[in-house]
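Residues 202 to 741, numbered by our numbering, are exactly what the sequence shown covers, in order.
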Amino acid sequence: ALALLAGDDDEQARRMILDAYPTLQGVDVSQWPTLLTQKIDGDLVAGTMTGTIVGAIVCLIFFGFIGLAQTMVAGRLRREAAVVSGLISYACFTISLICLLFLVGSNVTSAALVGSGYIDRWLVPAVFIAAALVAIVAVQRRWWVPVQVVTAMISLVTFEWFIYEHWYSEPAPAVAVVLANVDKAQDRIATTDHPRRDFLSLARSHAAHAGLMRDVGKPHLALQPAQRALQAVNEAAEHPPVGPFATSDDEVAESRRSISTLLALSASSGGQRESIESSLVGLRLADVSDNSVRKTFVRALGVHDYPDQIVDLTLQMDVSTYESLQNVRDLFAEAGRGRSESAGAHTGDWLRRLASQYADANEAFTIKQRETFVLWVTGQQSFRLYGPYATPPEAWVQQQLDQTFDVEEALPIGANHFQGSPVLQTDQAIGDYVDLVQNVAERDRAVAYAHTILTLQQAQTVRFRLASDDAAKVWIDADVVFENAKARQLSQNQRTFDVQLAAGRHEMLLKITQSTGKWGFQIDATDSDDFPLAIWNEQR
202 ALALLAGDDD EQARRMILDA YPTLQGVDVS QWPTLLTQKI DGDLVAGTMT GTIVGAIVCL
262 IFFGFIGLAQ TMVAGRLRRE AAVVSGLISY ACFTISLICL LFLVGSNVTS AALVGSGYID
322 RWLVPAVFIA AALVAIVAVQ RRWWVPVQVV TAMISLVTFE WFIYEHWYSE PAPAVAVVLA
382 NVDKAQDRIA TTDHPRRDFL SLARSHAAHA GLMRDVGKPH LALQPAQRAL QAVNEAAEHP
442 PVGPFATSDD EVAESRRSIS TLLALSASSG GQRESIESSL VGLRLADVSD NSVRKTFVRA
502 LGVHDYPDQI VDLTLQMDVS TYESLQNVRD LFAEAGRGRS ESAGAHTGDW LRRLASQYAD
562 ANEAFTIKQR ETFVLWVTGQ QSFRLYGPYA TPPEAWVQQQ LDQTFDVEEA LPIGANHFQG
622 SPVLQTDQAI GDYVDLVQNV AERDRAVAYA HTILTLQQAQ TVRFRLASDD AAKVWIDADV
682 VFENAKARQL SQNQRTFDVQ LAAGRHEMLL KITQSTGKWG FQIDATDSDD FPLAIWNEQR
């Protein structure tokens, strides 16, 4: 309605409104805002009056029944029991009856008003109801007083647990609404002529339930409705679009992505092995739209040692570009960190087996690419860092790049022409960010150098992918092969450059300028087809 009021002629908005108000079918769209506004006003008035009347009736029935029952029991106990035992029995009866009426009455009232009760987990309520009924019967039949006390206490404790679970930690009215929406969607499916639309509506209702449980801090309770939502959206995809406002394939795909993300997040937040395992049914990692959620989920798989499932899920992902392969490698690295966290030790062999299993199963890779991929995933870059070297405050970026210092004057460093000591030698995964503020110094108006060794098995063209903050200059074997005099942040300063290199060992020196703020770089290499190359020396 808001979309239409704002003048947005959106088909999805129309479908949503028609789902909620089928009687608008055939009515001119220009009249919808007026009719909907009148409908909302009428619902508010009717809802206020209905709520007041129902509340008054419930109070009268609730307290009237309690008063009548208490009067009858109190009179009998006073005539037939001693004072102390009679008071104990009366207390047991009153506590059990009030709690029982509250639980049953509130759930029945919720069902009458919104179409569903708010209780969807009946174990604790069932124990409470049984204990309360036994306590009431024990008082009525004059059973042994300790039996009355024990059953009344069990009913009180379970009732308090129920109140904590369903009223303090969960918004009971909101739970009732989402459960009612699920029931309505299921009822529509039984008689629908538009199964795709109604299965998608069911999926959204289950997803709303899962989202509500996550919002109240109970991700383990979000898992089951999220799984049901994924099943429903997959069922929707099996049916063709029908009708003038048919649900499009794009809309189904978007719902699948959001629900898959919700399922992965719920499973990994729960942290339990059973949750992780059950979430794997029907889940496609390629449908999880949030990359941080992907990493969290795969990390949880690593913690619980699920390498086969990690491989199966990542094989579903597109790997046609360098960036997509980088996403897979990042997921493997995250899984490796999770495994290390669980095993309490370095798990380089575990990561190597995972990468090998994936590479062997990926039919898009050549034999050579499989070997290279494993080395790329498990390899490390090692840089010797030199600096910082101060530059004049008034120096431009180009002037910073042009100003020479003893490191570059002594090229090639590997031939021991330079005797200076590095500030630090880094070891990180290939392509990871090298933070010069952290590893060299926090300094404005300066430059730093990073030196590394490349090794090629054969002569070829190497495409380097460099991102720097700020500007960068690169030498290979004392020859300048790249220069970028743009002082930008890392994400906006990504460049590629090709270099023809012979087989064997090569020196690379990078010069990174700093004006203010963040300072660092990251570099990787691919072949001319953008497949990664493992040309760095170290192995994890």
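By construction, the Cβ of each residue, glycine as well, lies at the ideal position given by its N, Cα and C atoms.
- By the beta-carbon neighbour count (other beta carbons within 10 angstroms, threshold 16), K569 is exposed.
- Straight across, the Cα-Cα distance linking A465 with G580 is about 29 Å.
- Runs of the alpha helix (DSSP H) lying entirely within the region 516 to 563 and spanning at least 4 residues, in chain order: 523 to 544 and 549 to 562.
- Between the beta-carbon of V443 and that of D394 there is about 7 Å, and that keeps the pair under the 8 Å contact cut.
- Short of 7 Å from the beta carbon of R429, and not among the five residues preceding or following it, lie these beta carbons of its own chain, in chain order: H407.
- Taking C-beta atoms as the reference points, Q349 and A332 fail to come closer than 8 Å.
- Cβ atoms of F722 and F698 stay farther apart than 8 Å, at about 14 Å.
- The criterion of a C-beta distance shorter than 8 Å is satisfied by F574 and A556.
- Membership of A649 in any alpha helix (DSSP H) is not indicated; the residue belongs instead to the beta strand (DSSP E) covering A647 to L657.
- Apart from the 5 residues on each side of it in sequence, T522 sits with its Cβ closer than 8 Å to the Cβ of D731 in its chain, given in chain order.
- DSSP lists no beta-bridge partner residue for E452.
- Ranked by Cα distance from T727, the options T714, E708, I713 and L702 are led by L702.
- One alpha carbon belongs to Q604, the other to A735, and they sit about 32 Å apart.
- Beta-bridge analysis with DSSP links Y634 to no other residue.
- In the displayed model, N308 falls within a helix according to three-state DSSP.
- By alpha-carbon distance to P426, the top candidate from L637, N685, V376 and D399 is V376.
- When D229, R405 and D509 are compared, the shortest CA-CA separation from S459 is found for R405.
- DSSP, reduced to helix, strand and coil, places W597 outside both helices and strands of the structure shown, so it counts as coil.
- Secondary structure note for T714: its beta strand (DSSP E) is the uninterrupted segment G705 to Q715.
- Per DSSP, E643 is not a residue of any alpha helix (DSSP H), being assigned neither H nor E.
- About 10 Å separates the beta carbons of A560 and R553, which is beyond the 8 Å limit, so they are not a contact pair.
- Here Q601 is buried. Its C-beta has 16 or more other C-beta atoms within 10 Å.
- Of all C-beta pairs linking the region 681 to 690 to the region 646 to 662, fewer than three are shorter than 8 Å, placing the two stretches out of contact.
- L532 sits close to T515, with the two beta carbons spaced by under 8 Å.
- If you ignore the 5 residues before and after F360, its C-beta comes within less than 6 Å of the C-beta of C300 and F329, all in its own chain and listed in chain order.
- Here DSSP, grouped into helix, strand and coil, assigns I677 to strand.
- In terms of CA proximity to V504, A534 leads the group A534, S493, V520 and D628.
- A check of alpha carbon separations from G588 across W551, I713 and S286 identifies I713 as the nearest.
- Sequence-distant partners of P613 (beyond 5 residues in either direction) whose C-beta falls short of 7 Å from its own C-beta, in its chain, are D678, A679 and E708.
- Under the criterion of beta carbons closer than 8 Å, R585 and Q639 do not qualify as touching, at roughly 16 Å.
- G705 sits exposed, since fewer than 16 C-beta atoms from the chains shown fall within 10 Å of its C-beta.
- Ranked by Cα distance from W323, the first of L236, V305 and V608 is V305.
- Judged by DSSP in its simplified three-state form, S231 adopts helix.
- The Cβ-Cβ distance between V346 and S290 falls below 8 Å.
- A residue is called buried once 16 or more other Cβ atoms fall within 10 Å of its Cβ, and T448 is buried on that count.
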